[in-house]
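K.L.:
After the structure tokens below, expect a handful of questions from me.
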Amino acid sequence: SQQGEEDPQALSIQEGENATMNCSYKTSINNLQWYRQNSGRGLVHLILIRSNEREKHSGRLRVTLDTSKKSSSLLITASRAADTASYFCATVRMDSSYKLIFGSGTRLLVRP
Amino acid sequence: DAGVIQSPRHEVTEMGQEVTLRCKPISGHNSLFWYRQTMMRGLELLIYFNNNVPIDDSGMPEDRFSAKMPNASFSTLKIQPSEPRDSAVYFCASIPTGQRNTEAFFGQGTRLTVV
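Encoded structure:
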């Protein structure tokens, strides 16, 4: 990818379990965002965390950011079959007006 | 607002033909982005515009690719001549003017197949 890597590349869990996805990036950032993509569809924004924030919550989503390690994680609690999708992190770098660069993504399968 | 609108949704063309993809950003959004998504390379930023001006086209793969934004409500991405390796899903996205801590709004994409 143009920015960094996500792991795992694929994750399969049972409905009700928690799903954790990790993202690493390479440059100093202004903010980091997570997006979801259902198969064959466009990307939908989930959550944005600024570089001076360490944790953010939105419903069943929890995002952490560690700028010293250049990494972020996305936790989906109490997963549902409808959460099955690909999840991407994306960063806006500090040195540009707005250049949103995506990671390689994690394919999540939630088994009913 | 109908969101970011891309057309066509699907395009199948023969190698060597010219292909034009179209995008209408959300009204009031003056920054527009073109991405390409493939299994091998993931989501690549090709080019982005601010106030109709191309700011960074370093992701455009080669001279066969060109993009224009003649006004705030319309952009095109053209491939001439097209090649099979250009087969991908092309996404357009827009953001509100002058904001960095904001989400990008994506269109549904154009699936291009070059045979």
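First to last, the sequence lines map onto chains P and B. With our numbering, the residue at position 112 of the first sequence is 112, and numbering never jumps. With our numbering, the residue at position 33 of the second sequence is 145, and numbering never jumps. Beta carbons are placed, not taken as given, at the ideal position from N, Cα and C, and that holds for glycine.
1) So for Ser-1/P, helix, strand or coil by DSSP?
2) Just to check my reading of the structure: Arg-62/P and Glu-55/P have Cβ atoms closer than 8 Å, yes? What is that Cβ distance to the nearest angstrom?
3) Which residues, taken in chain order from the region 138–151 of chain B, show a beta carbon closer than 8 Å to some beta carbon of chain P?
4) Given Pro-196/B, which residues of its chain have a CB within under 8 Å of its CB, disregarding the five upstream and five downstream residues?
5) Relative to chain B, which residues along the region 61–93 of chain P have a C-beta separation below 9 Å, given in chain order?
6) So, for Ser-51/P: in the same chain, excluding its five sequence neighbours on each side, which residues have a beta-carbon less than 7 Å away from its beta-carbon?
7) Note down, in chain order, every chain P residue with its Cβ under 8 Å from the Cβ of Asn-164/B.
8) Anything in chain B within Cβ reach of Leu-11/P, meaning under 9 Å, just list it in chain order.
9) At a CB-CB cut-off below 8 Å, which residues of chain P make contact with Arg-195/B?
10) Using beta-carbon positions only, say whether Tyr-98/P and Ser-185/B come within less than 8 Å of one another.
11) Express the C-alpha separation of Glu-6/P and Thr-91/P in angstroms, rounding to a whole number.
12) Between Ile-191/B and chain P, is there a C-beta pair that is closer than 8 Å?
P.N.:
Working from what's here:
1) For Ser-1/P, the predicted model reports a pLDDT of 47, less than 50, meaning its position is unreliable and no value from the coordinates is stated.
2) 7 Å between Cβ atoms; contact.
3) Ser-143, Phe-145 and Tyr-147
4) Met-127, Val-226 and Val-227, listed in sequence order.
5) Phe-88, Ala-90 and Val-92
6) Ile-29, Asn-30, Asn-31 and Thr-67
7) Correct list: empty, because the minimum Cβ distance to chain P is about 14 Å.
8) Within 9 Å Cβ-Cβ: nothing; Leu-11/P doesn't reach chain B, min ~17 Å.
9) Going by the sequence as given, residue 195/B is Glu instead of Arg. Result: empty, since nearest Cβ-Cβ is about 21 Å, beyond 8 Å.
10) no
11) 13 Å
12) No - not a single Cβ of chain P is within 8 Å of the one on Ile-191/B.
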